[in-house]
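For reference, the structure discussed in these notes is given below.
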Amino acid sequence: VKERGRAGYRFYHKKMLDTSRTEAVMESHLRRAIEKKELSIHYQPQVDLDTGNINSFEALLRWNNPKFGFVAPGVFIPIAEDSGLILEIGDWVLDQVCIQLKEWQNGGFLDARIAVNISSKQFKQEAFASAIKKYIYKYELNPQALELEITESSMTNIHETLSILKELKQMGVIISIDDFGTGYSSLSYLRRYPIDIIKIDQSFIKEIEQDEKDEAIAKTIIHLAHSLGMEVIAEGVEKKDHVEILKAVNCEKGQGYYFSRPVPIENIIEMYFC
Ligand code: C2E
Ligand code: CA
Ligand code: CA
Ligand code: CA
402 VKERGRAGYR FYHKKMLDTS RTEAVMESHL RRAIEKKELS IHYQPQVDLD TGNINSFEAL
462 LRWNNPKFGF VAPGVFIPIA EDSGLILEIG DWVLDQVCIQ LKEWQNGGFL DARIAVNISS
522 KQFKQEAFAS AIKKYIYKYE LNPQALELEI TESSMTNIHE TLSILKELKQ MGVIISIDDF
582 GTGYSSLSYL RRYPIDIIKI DQSFIKEIEQ DEKDEAIAKT IIHLAHSLGM EVIAEGVEKK
642 DHVEILKAVN CEKGQGYYFS RPVPIENIIE MYFC
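Take 402 as the starting number for the sequence shown in the UniProt record's numbering and just add one per residue.
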């Protein structure tokens, strides 16, 4: 840090330093979060807009640390990604989710599905597809019970992406594109990749009832998805108005606070599996 210069300048650097120090401390805590059992998974239902039925849930990671309290995924996931810890954490999430799916399968809930967020670091690991295969075999899962949420930022290399997705699709797992509409990739990939589901980013849904442009974009995404044989899940559904608009354009599923916040597994079991 430069010693001279205006106070503001120094302050700026001190602040930067504090931030990076906090992140470094967080990282060292995150490194031990699995063994200290500080991680858990919450589940958010994905609701069939026509029938109100629920058979799928998104797994969302939670971190509760004695020093920092509950840390938002928006804060700790980037730290996990930068440090490479996301690989170990991502494995842990997949394992937990597969254990849960196995339990449901054994209990006769054969069409229950869980969607898992896959970071681009995980997706780009050479052994990613075979790791998924191992989980399916290890727990003897119906592959359709597992959904992988991939973002457009993972799809930087068309040929690699295509071959990984094809391998996953051959196994029978479900593939969805997360945060659709926020990436920079061209739409041409949609006709090449074996994608089952498009998740419309919540930024297009939030004000859909009062913003004609948001509504036009959401409708266009839904039509596009349908004409390519894909299903659509709208994220960030917070109001009845959202549901009505989405139903009118045949959006298959909705996910958001209107239906339920992400909740611990006990709540899910109590509500849907008893
Ligand atoms: P995401 O995958 O887009 O997940 C949806 C986020 O929107 C979640 O935030 C969820 O709690 C929130 N949400 C759901 N319904 C509503 C709603 O109606 N309104 C609003 N405003 N928000 C809603 P969360 O749990 O804080 O997760 C943030 C992000 O962290 C996720 O965004 C995902 O990118 C990442 N993340 C979470 N768990 C994992 C994980 O296991 N692995 C990886 N790689 N990333 C994860
Ligand atoms: Ca997601
Ligand atoms: Ca999303
Ligand atoms: Ca996101």
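All C-beta atoms, glycine included, are put in the ideal place defined by N, C-alpha and C.
Got a sec: does ligand 1 put a non-hydrogen atom nearer than 7 Å to the Cβ of residue 553?
-> Indexing the sequence shown from 1 puts residue 553 at position 152. Not under cutoff, so the answer is no.
By DSSP, does residue 654 sit in helix, in strand, or in coil?
-> Within the sequence shown, the letter at position 253 stands for residue 654. In the structure shown, the three-state DSSP call for residue 654 is strand.
Touch check for the segment 647–655 and the segment 620–628: three-plus C-beta pairs under 8 Å?
-> Flag = yes, the segment 647–655 and the segment 620–628 touch.
Please find out if some non-hydrogen atom of ligand 3 comes closer than 7 Å to the beta-carbon of residue 615.
-> Numbered from 1 along the sequence shown, position 214 holds the residue referred to as residue 615. Checking every heavy atom of ligand 3 against the Cβ of residue 615, none is found closer than 7 Å.
If you draw a straight line from the alpha carbon of residue 493 to that of residue 669, how long is it in whole angstroms?
-> For the purposes of this step, residue 493 is taken as the residue at position 92 of the sequence shown. For the purposes of this step, residue 669 is taken as the residue at position 268 of the sequence shown. Straight-line Cα distance between these residues: approximately 20 Å.
Excluding sequence positions up to five away, which residues of its chain have a Cβ less than 7 Å from the Cβ of residue 609?
-> As a working note, residue 609 is residue 208 in the sequence shown. Taken in chain order, the residues that qualify are 615, 616, 619, 643, 646.
For my contact list, residue 497 and residue 656 are in at a C-beta cut-off of 8 Å; report their separation, rounded to the angstrom.
-> On the sequence shown, position 96 is the one that residue 497 refers to. On the sequence shown, position 255 is the one that residue 656 refers to. The Cβ separation is near 20 Å, so there is no contact.
Exposed or buried, which one is residue 611 when buried takes at least 16 other CB atoms within 10 Å?
-> By 1-based counting over the sequence shown, the position of residue 611 is 210. The residue in question, residue 611, is exposed, as its Cβ has fewer than 16 Cβ neighbours within 10 Å.
Can you tell me the Cα-Cα spacing of residue 536 and residue 613, whole angstroms?
-> As a first step, residue 536 is located in the sequence shown; it is residue number 135 there, counting from the start. As a first step, residue 613 is located in the sequence shown; it is residue number 212 there, counting from the start. The alpha-carbon separation between residue 536 and residue 613 amounts to approximately 44 Å.
Can you find at least 3 beta carbon pairs, one from the segment 630–644 and one from the segment 432–440, that sit closer than 8 Å?
-> No, the segment 630–644 does not touch the segment 432–440.
So residue 480 packs on residue 428, CB below 8 Å; how close in whole Å?
-> What you label residue 480 is simply residue 79 of the sequence shown in a count that begins at 1. What you label residue 428 is simply residue 27 of the sequence shown in a count that begins at 1. Beta-carbon to beta-carbon, residue 480 and residue 428 are separated by about 5 Å, close enough to satisfy the 8 Å threshold.
In chain order, what residues have a CB nearer than 6 Å to some heavy atom of ligand 2?
-> Taken from the N-terminal end onward, the list reads 459, 518, 550, 579.
Which word fits residue 467, buried or exposed, when buried means at least 16 other C-beta atoms lie within 10 angstroms of its C-beta?
-> If you number the sequence shown from 1, residue 467 lands on position 66. Classification of residue 467: exposed, given that the 10 Å Cβ count is below 16.
Looking at the structure shown, is residue 466 part of a helix, part of a strand, or coil, going by DSSP?
-> On the sequence shown, position 65 is the one that residue 466 refers to. Of the three classes helix, strand and coil, the one that applies to residue 466 here is strand, per DSSP.
Separation of residue 653 from residue 455, as counted between CA atoms = For this step, residue 455 is matched to residue 54 along the sequence shown. For this step, residue 653 is matched to residue 252 along the sequence shown. Roughly 11 Å separates the two Cα atoms.
Do you know whose CA, among 578, 663, 593, lies nearest residue 473's CA?
-> Looking up residue 473 in the sequence shown gives position 72. Comparing Cα positions, the closest option is 663.
Does any C-beta atom of chain C lie closer than 8 Å to the C-beta of residue 572?
-> Here chain C cannot be found, since the structure has a single protein chain.
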